[in-house]
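Right, one structure below, let's go through it.
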Amino acid sequence: MTDQQPPDRTGDLEARIAELERRSSWRSTVGEGRSGLETAFWAVVHSLFPEDARKHLKVAGREQLLAARVYLDKWIARLDEEESAAAEGRPHEKIEIE
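Going by the working numbering, the letters in the sequence shown line up with residues 241 to 338, in that order.
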């Protein structure tokens, strides 16, 4: 019998897992800060949709963001009105400073 220990494969397995995570489309980022998954999605969009359709989708996305901005601005204005109305109802005390 030999007294040799079986090779420790833990280090090798950890290195392989780290390499897979690095290459994984779920975790990696590619150019412009996009994830690998997002990059893959846009590659599919570019292969499925013609240029004109992509332009319309981009404009539609912008319009959705503008609609959200209007909604948020209205919500903020309502909160400001409520806050100023509440402030008007509070009693004020004038303090003289010498």
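A virtual CB, placed ideally from N, CA and C, is assigned to each residue, including glycine. Everything numeric in this text was worked out from a predicted model, so none of it was measured.
With DSSP as the reference, please indicate the residues paired to residue i in a beta bridge.
i: R249; result: According to DSSP, which records beta bridges pairwise, R249 is partnered with nothing at all.
i: S324; result: For S324, which the question treats as bridged, DSSP gives no partner whatsoever.
i: S287; result: For S287, which the question treats as bridged, DSSP gives no partner whatsoever.
Is residue i helix, strand or coil when you go by DSSP?
i: R330; result: coil
i: E261; result: helix
i: E254; result: helix
i: E336; result: coil
Roughly how far, in whole angstroms, is the beta-carbon of residue i from the beta-carbon of residue j, given that I think they are within contact range, below 8 Å?
i: L297; j: F289; result: 7 Å
i: V284; j: R294; result: Contact doesn't hold; Cβ gap of about 12 Å is too wide.
Just tell me which of the options has its CA closest to the CA of residue i.
i: S275; options: R302, R262, A258; result: R262
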